[in-house]
Each structure stands twice: as structure tokens, then as C-alpha cells.
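Mapping to the numbering used here: the sequence shown position 95 is 96, numbers consecutive.
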Amino acid sequence: MVKVAFVAGGSGFIGRHAVLPLLDRGFVVHILDANEPAISDPLVVFHKLDLRDERALESLFAEYRPTHLLSFAWYTRHGEYLMARENFDSLLLNLKMCELFARSGGARVVIAGTCFEYDFSGGACIENVTRLASSTIYGSCKQAMYELLRSQAMLNSLSWAWGRVFFAFGENEQPRRFVPALILPLLRGESAPSSHGNQIRDFMSTADIGSAFAALLASEVQDAVNIASGRPVTLRQIGEIIEAQTDRPGYVRFGEIQAGKNEPPVIIAATDRLRNEVGWSPARTLEERLGEAINWWREHV
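Here you go:
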């Protein structure tokens, strides 16, 4: 049977990186997005549309009858998304897509969640063990969609999974985000202000995140799966790697700006399900991926 995957938000920051891995796994891929995709391939069909257009969505689902649905569609404007009202629109949009997918006879759906659904006070976040207790509208709406997806899957006999993304970096990133905010000044020979850098996080490149989602969609694994490297690093370590790879030792000014008042000291992921059940692990090291990001910015500034 031909496997047809609809990738909502497939031209976006993470979504674009799931397309080629899906092709490698034998899918015919349809990208649903308002923006043109970065990939040109005869097995990739692009549908330019506003995903809030229910009639257009309904027509596409009815015409192509996808077997799989992978959704990255969500409001993610940097500096706004955590407490934005648009999160409620994104919740309703994904709920409608899942309904149309089930109605068209789809078999498996995977949606991108977030680590911000978790309570960060208990160490490494473990799926279905760590308490869900978001302090943001973004996390709360993602958590609500997770519960609704579970119910929709039960009602419509869908196979389903929910990939909780931790900290991403990569090409086409918003320049004010943490990694490019260090890379760009250093490439210009300028210093980059930073907090103390002792915060412990789990960073992974969008190339690897997209590949992980493709593996998750192609699998039969159900429920929540952390999409992360499983390698805790401090922000200071990331800064030092960038300093070394740009030959700018000492250019990241740790402690020059104040860390967030309520910023959790540790946000890391258990990745047993991703590695052992999905059978996926990162193709390259953090150092290699940061080097790729630096090279991308060298070519695009």
C-alpha cells in the first residue's frame, strides 16, 4: 500500500527537515503550508494554503486520503508564543485537522508537542511519569491538544503519537534565539552578552528533530515520546563550543546579562522511548551540528 503523509507546517523551521527522511522511508509527501517549501522533489506535492481554511483542508483530505498525518502547525513567533492568544487558534486548527484526517480514512497521526508541557522540578522529564503542569499558555494548549488527540484516536481507532520537542537550533532560525544570538556577533568579531550559562538544557538540531519525527511517524509507537538528544549540556558549554569553532575565545560574555527570574535551572529529557522503541538516535554530535549552524550563518549574513 502506498503511504501518503500530509505534513502540516512542512515548510517551517522543523517541518522542512522531516520531508526528506519521510521520502527515504517510502512515503509520498504532501506539504501543507502558506510558505513555499525549500525542497523540490517529484515525490513531494506542495499545497499552498492557509491552514485555517477549513474548506480547503477538507477538500485536500477528501481528494488525497492520506494514510499518515504529521503536524508541526502552531503559532511560534519568537518572544511572543509562550503567552500568545494565538495558541488557542493553533489548538483548534490541529483538532480540526485530526477530525478531517480520521474522516478521510487515515491510519496514523503524529503531532509536535513541547517540553513546556512538563513540570520541570523533578529532574529529567520522563513520558507518562513526569507531571504535566505548564506555566505558559503555549504549554497548556499543547497539553490540551495531547489529551484531545488521545481521545480522538480512541474514538476513531487511530494509531497516534505525540513528540515533545525540547530545545532546537538550526538553519533559518530566528536570529534572537539563543544559538544564533551567540553565533552572529562572534562571526562579526563582536562580543555576545550572555547570562551565567549554568542552566542545563537538551539541545538538538532541527535536522535531527525532523529525522526523529519521520522515524516516529513510520513506527507503531503510541503516546508521548520525547524528541531530544538525551545529552544534558549547560548554556556555557554551548557558548564555549561556538567560541572554539569560530576561533573567538572569550567573546561570549557570561554573566553580563541577568538570567530569567523564574528560569528553571534544569530542563532535560529521558530518551529511552525514542532510542529503544522508535529505534532512533542522532546522526551527528552536538559539536558537529553546531558547526553546521555556524557554516550556514556564514553563508547567509
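Note that the Cβ used here is the ideal one computed from N, Cα and C, for glycine as well.
In this text, all values refer to a predicted model and were calculated from it rather than measured experimentally.
Q | Which listed residue (G190, T207, A215) has its alpha carbon closest to that of V279 | A | A215
Q. Which value, in whole angstroms, describes the spacing of the CA atoms of A19 and I127?
A. 24 angstroms
Q: Would you mind reading off the limits of the beta strand (DSSP E) that contains T115?
A: 109-115
Q. Which whole runs of the beta strand (DSSP E) in the segment 22-58 are 3 residues long or more, in chain order?
A. 28-34, 45-49
Q.
Would G292 and Q246 be called neighbours here (beta carbons separated by less than 9 angstroms)?
A. yes
Q: Would you check if the distance between the CB atom of I32 and the CB atom of S72 is smaller than 9 angstroms?
A: no
(Q) Let me make sure I understand the geometry here. Which of R202, V226, I201, D203 has the alpha-carbon closest to that of A213? (A) V226
Q) Whose C-beta lies closer than 6 angstroms to the C-beta of E174 among residues of the same chain, with five residues either side of it excluded? A) P181
Q. Going straight from the alpha carbon of W161 to that of L217, what length do you get?
A. 10 angstroms
Q. Can you tell which of S196, V45, G124 has the C-alpha that lies nearest to the C-alpha of G1?
A. The displayed coordinates of the chain run from 2 to 302. Any statement about residue 1 would go beyond what the structure contains.
Q) What are the uninterrupted segments assigned as alpha helix (DSSP H) that are 4 or more residues long and contained completely in the segment 108-193, given in chain order? A) 138-157, 179-188
Q: Can you give me the Cβ contacts of A219 inside the same chain, cut-off strictly under 6 angstroms, excluding the 5 residues immediately before and after it?
A: R26
Q) Below 9 angstroms between beta carbons: does that hold for V29 and K4? A) yes
Q: Leaving out five residues on either side along the sequence, give the residues of the same chain with a beta carbon under 7 angstroms from the beta carbon of G198.
A: T235, L236, R237, G240, F255
Q) Should M84 go down as buried or exposed, given a rule of 16 or more other Cβ atoms within 10 Å for buried? A) exposed
Q) Assuming R177 and G80 make a contact with CB atoms under 8 angstroms, what is their CB distance in whole Å? A) 7 angstroms
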